[in-house]
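K.L.:
Questions regarding the structure given below will be posed in turn.
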Amino acid sequence: MEHVERPRSCYVPRKPIPWNAQLEDAPHRNSFASSSCSWSVVSDSLDSVALGDSFSSGSERVRHSPKDYRAFSFSRLSTASPGFRLSWLKGYSQSSPAVNPGNAHLRPSDGDKASLFRQKQTFEMYLANVKKTENATVQYEFALFLLDSIQKQSTEATEMTPDNLRKAAKSILRRLSDRSHPHAQYYLGDGYASGLFSKRAEDYDSAFPLFVAASKHGHVEACYRAALCYEFGWGTRVEATRAAQFYRQAASKNHPGAMLRMAQACLAGDMGLGRKRYREGIKWMKRASESSDMQYNSAPYELGLLHESGYGNDVFPDASYAAQLFTRSAELGHAEASYRLGDAYEHGKLHCPRDPQLSIHYYTCAAEQGHPLSMMALCAWYLVGAEPILEQDANEAYEWAKQAADLELPKAQYAVGFFTEMGLGCERDPFEANAWYVRAADQGDIRAKQRVSTIRAADGFDVDEGPLKGKKRAGTCVKL
């Protein structure tokens with residue numbers, strides 16, 4: 001029997017530092033703020049920078065924005081605050097801008113010494129270069145450097161507040177955008193969309209035209225973002241046909257998110273395509289799967305779902321291949337794929353052998369990304385144990401169930417109620433247990449409804465046919 005080769009590791013994305021996380025209250029830690037270079041001098045210097053009219057003429061050409069400038073994506077169930085990510089979209093989540101240029105950009109002129117510079121020296125050298133150059137790339141990277149400095153503030157900072165740094169960066173990006181710099185147009189639009197440049201409120205009215213403008217200069221990510229705006233009506237009216245045009249344009253340049261969306265549109269026949277185009281959809285799905293990365297990691301999983309059960313005459317059923325595709329998505333940080341693999345290795349599905357170690361591994365990968373069903377699966381593993389891999393631990397079981405319950409998973413809320421009622425892994429508290437049962441019952445959990453009904457009947461309440469139709473309100477705590 002075929003089975004999937006055991007992977008070495010599963011990627012778990014780290015959490016980026018939010019751009020807008022308590023900037024006003026956080027201590028301003030900027031290592032170069034104590035120098036004689038005050039903010040007023042910096043502001044005056046930035047205003048005096050002469051931006052060149054051309055950014056691609058002559059020997060100085062614009063370099064493409066590094067992939068490192070893209071932030072990690074978040075799932076809908078991520079524990080990260082929604083204040084520093086864009087709207088969650090199934091299959092193609094977007095994230096707010098994040099950069100980490102450091103001082104490596106100075107190496108062409110300063111050699112390896114750049115890595116030894118303190119932030120103060122780096123900033124002063126950047127500022128000097130920006131003042132004397134008309135190279136739009138240097139100016140663009142300096143704007144990113146200013147934004148990166150917000151994340152690396154020093155307690156010595158005085159006048160250089162995060163707001164000042166952000167305003168200066170926005171000013172540079174805006175002037176570059178006016179001169180049709182595609183990367184500046186995209187980054188400025190992304191800043192508006194995420195709230196970085198618009199008082200923490202999404203401003204797609206300003207972002208949308210910038211995405212469209214950058215897409216006309218060949219910026220693939222901007223083209224994809226413009227398609228999203230047309231599809232969902234962000235900053236413009238909903239136009240499915242225009243959305244399909246922009247998706248197709250980005251997909252033709254191997255954008256994984258755009259290729260996946262085109263695949264879904266072709267298979268469903270939506271976005272103004274008129275009819276279902278199965279072969280074209282499968283083609284886009286396969287291309288998206290081959291080009292998937294840590295930001296756009298859904299395509300292998302979606303293709304695996306098709307191969308799991310087959311899809312007409314265009315996709316043959318192959319459970320082993322589906323498991324391989326799930327593994328590829330899981331290694332790129334896809335939580336649902338990790339959960340499916342954990343379930344497969346636990347119960348021997350998808351031609352996978354029963355392997356508690358791999359099951360726990362994949363469940364952990366998904367649970368650490370905020371996947372509630374994986375949390376409950378880990379709860380079950382900790383309840384029974386898997387010696388010698390995993391020791392039985394009621395406390396850990398309770399903690400995982402509690403995390404899933406906080407994410408409003410009904411079965412987890414019932415489990416926490418049971419743990420609390422029995423004092424399993426936590427202190428026994430009948431009143432709190434009843435509250436958890438009621439929360440689960442309100443969301444339709446059958447066992448919770450039955451338990452609440454039993455408690456109410458035992459305590460002398462009249463119970464009608466429905467378990468929650470007694471005289472006392474469901475939200476009232478009932479003594480066990």
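Those letters in the sequence shown? Residues 1 to 480, per full-length UniProt numbering, in order.
Ideal placement from N, C-alpha and C gives every residue a C-beta, glycine not left out.
1. Could you tell me whether the stretch 382 to 393 touches the stretch 340 to 351, where touching means 3 or more Cβ pairs closer than 8 Å?
2. Here's the rule I'm using: 16 or more other beta-carbon atoms within 10 Å means buried, otherwise exposed. How should K449 be labelled?
3. Note down, in chain order, each residue of its chain lying with its Cβ closer than 8 Å to the Cβ of P317, except the 5 sequence neighbours on either side.
4. Going by Cα to Cα distance, which pick from G235, Q357, V238 and A240 is closest to E391?
5. Check each candidate in N395, I360 and G370 and name the one with the smallest Cα separation from I389.
6. Could you give the uninterrupted runs of the alpha helix (DSSP H) lying entirely in the stretch 381 to 463, keeping only those of 4 residues or more?
7. So the candidates are K283, N395 and W234; which of them puts its Cα closest to the Cα of R248?
8. Measure from the alpha carbon of E302 to the alpha carbon of each residue in E399, M285 and S291, then state which is nearest.
9. For G235, I'd like the list of residues in its chain whose CB is within less than 7 Å of its CB, leaving aside the five on either flank, ordered along the chain.
10. Provide the residue span of the alpha helix (DSSP H) that contains D293, from first to last.
11. Distance, Cα to Cα, W88 vs Q413?
12. Quick check: the Cα distance between A268 and E396, rounded to an integer number of angstroms?
13. Using a Cβ-Cβ distance cut-off of 9 Å, determine whether Y140 contacts chain B.
14. According to DSSP, is V238 helix, strand or coil?
15. Quick check: the Cα distance between K167 and I455, rounded to an integer number of angstroms?
16. Using CA atoms only, rank isn't needed, just tell me which of D429, A222, R225 and P162 is closest to L196.
17. Indicate whether residue 494 and M259 have their beta-carbon atoms separated by less than 9 Å.
18. With a 10 Å radius around its C-beta and 16 neighbouring C-beta atoms as the bar for buried, classify F211 as buried or exposed.
19. Would S149 and L165 qualify as a contact pair, given that the criterion is a beta-carbon distance under 9 Å?
20. Drop a sphere of 10 angstroms on the beta-carbon of S252, count the other beta-carbons inside from all chains shown, and report buried for 16 or more, exposed for fewer.
21. Which value, in whole angstroms, describes the spacing of the CA atoms of T364 and G191?
22. Quick one: using the 10 Å Cβ neighbour count with 16 as the cut-off for buried, is T327 buried or exposed?
23. Where are the alpha helix (DSSP H) runs, 4 residues long or more, that stay fully inside the stretch 270 to 353, in chain order?
24. Of the choices D393, R225, A243 and L325, whose alpha-carbon is the least far from that of N297?
25. Compute the beta-carbon to beta-carbon distance between A415 and P372, rounded to the nearest angstrom, for a pair I have assumed lies under 8 Å.
26. For Q139 and E427, what's the separation of their Cα atoms in angstroms?
27. So for Q369, helix, strand or coil by DSSP?
28. Where residue 506 and C266 are concerned, what is the direct C-alpha to C-alpha distance, given to the nearest angstrom?
29. Taking the alpha-carbon of Y345 as reference, which of G333, N135, A136 and Y362 has the nearest alpha-carbon?
30. For H347, count neighbouring C-beta atoms within 10 Å of its own C-beta (all shown protein chains included) and say buried if the count is 16 or more, exposed if not.
31. Taking the beta carbon of I446 as the centre, do at least 16 other beta carbons fall within 10 Å, making it buried, or is it exposed?
32. Starting from F211, trace the alpha helix (DSSP H) in both directions and tell me its first and last residue.
33. In terms of alpha-carbon separation, which member of A457, S374 and G425 lies closest to E399?
34. Would you mind working out which of R275, G333, G417 and G423 sits nearest V438, comparing C-alpha positions?
35. Taking the alpha-carbon positions, what's the H219 to E432 distance?
36. Determine the burial state of M271: buried for a count of at least 16 other Cβ atoms within 10 Å of its Cβ, exposed for fewer.
P.N.:
Taking the definition as stated:
1. no
2. For this step, residue 449 is matched to residue 449 along the sequence shown. Answer is buried; the Cβ neighbour count reaches 16.
3. Translated into the one-based positions of the sequence shown, residue 317 becomes position 317. So the qualifying residues of the chain are H307, E308, S309 and G310.
4. Locating residue 391 in the sequence shown gives position 391, where the first residue counts as 1. The candidate whose alpha carbon is nearest that of E391 is Q357.
5. What you label residue 389 is simply residue 389 of the sequence shown in a count that begins at 1. If we check each option's Cα against that of I389, I360 comes out closest.
6. 394 to 406, 410 to 422, 430 to 442 and 446 to 458
7. Reading the sequence shown from its first residue, position 248 is the one you call residue 248. The shortest C-alpha separation from R248 is found at K283.
8. Residue mapping note: residue 302 aligns to position 302 of the sequence shown, counting from 1. Selected option, being the one with the closest Cα: M285.
9. Here residue 235 refers to the residue found at position 235 when the sequence shown is read from its first residue. Only Y204, D205, A207, F208 and C229 meet the Cβ criterion.
10. Indexing the sequence shown from 1 puts residue 293 at position 293. Unbroken run through D293: none, as it is neither H nor E.
11. Translated into positions along the sequence shown, residue 88 becomes position 88. Translated into positions along the sequence shown, residue 413 becomes position 413. With a pLDDT of only 31 at W88, under the threshold of 50, the placement of this residue in the model should not be trusted, and no figure is reported.
12. The sequence position of residue 268 within the sequence shown is 268, counting from 1. The sequence position of residue 396 within the sequence shown is 396, counting from 1. Cα to Cα, A268 sits roughly 43 Å from E396.
13. Absent from the structure is chain B; it holds one protein chain and no more.
14. Taking the first residue of the sequence shown as 1, we reach residue 238 at position 238. V238: coil per DSSP, three-state reduction.
15. Position 167 of the sequence shown holds residue 167. Position 455 of the sequence shown holds residue 455. Rounded to the nearest angstrom, the two C-alpha atoms are 60 Å apart.
16. Residue 196 sits at position 196 when you count from the first residue of the sequence shown. Nearest of D429, A222, R225 and P162 to L196, Cα basis: P162.
17. Because residue 494 is not part of the residues shown, which for the chain are 1 to 480, the question remains open.
18. The residue you call residue 211 lines up with position 211 of the sequence shown. Its Cβ being crowded by 16 or more others within 10 Å, F211 is buried.
19. Within the sequence shown, numbered from 1, the residue matching residue 149 stands at position 149. Within the sequence shown, numbered from 1, the residue matching residue 165 stands at position 165. Against a cut-off of 9 Å, the Cβ pair of L165 and S149 comes out as a contact.
20. Counting from 1 along the sequence shown, the entry for residue 252 is found at position 252. Per the 10 Å Cβ criterion, exposed.
21. Locating residue 364 in the sequence shown gives position 364, counting from the first residue. Locating residue 191 in the sequence shown gives position 191, counting from the first residue. If you take the alpha carbons of T364 and G191, they lie about 33 Å apart.
22. Residue 327 sits at position 327 when you count from the first residue of the sequence shown. Looking at its Cβ environment, which holds 16 or more other Cβ atoms inside 10 Å, T327 is buried.
23. 278 to 291, 299 to 309, 319 to 331 and 335 to 347
24. Position 297 of the sequence shown, counted from the start, is the residue given in the question as residue 297. Measuring from the Cα of N297, the nearest candidate turns out to be L325.
25. As a working mapping, residue 415 is identified with position 415 in the sequence shown. As a working mapping, residue 372 is identified with position 372 in the sequence shown. About 11 Å separates the two Cβ atoms, so there is no contact after all.
26. Counting from 1 along the sequence shown, the entry for residue 139 is found at position 139. Counting from 1 along the sequence shown, the entry for residue 427 is found at position 427. Cα-Cα distance, rounded: 59 Å.
27. In the sequence shown, the residue the question calls residue 369 occupies position 369. In the structure shown, Q369 sits in coil (DSSP, three-state: anything other than H, G, I, E or B).
28. In the structure as shown, the chain begins at 1 and stops at 480. Residue 506 is therefore absent and cannot be evaluated.
29. The count along the sequence shown starts at 1 and reaches residue 345 at position 345. Nearest C-alpha to Y345: Y362.
30. Counted from its first residue, the sequence shown places residue 347 at position 347. By the 10 Å Cβ count, H347 comes out exposed.
31. Residue mapping note: residue 446 aligns to position 446 of the sequence shown, counting from 1. It counts as exposed.
32. Looking up residue 211 in the sequence shown gives position 211. Looking at the DSSP string, the run of the alpha helix (DSSP H) that includes F211 is Y204 to K216.
33. Against the sequence shown, residue 399 aligns to sequence position 399. For E399, the nearest C-alpha among the options comes from G425.
34. Residue 438 sits at position 438 when you count from the first residue of the sequence shown. Nearest C-alpha to V438: G417.
35. In the sequence shown, the residue the question calls residue 219 occupies position 219. In the sequence shown, the residue the question calls residue 432 occupies position 432. So the two alpha carbons sit approximately 54 Å from each other.
36. Counted from its first residue, the sequence shown places residue 271 at position 271. It counts as buried.
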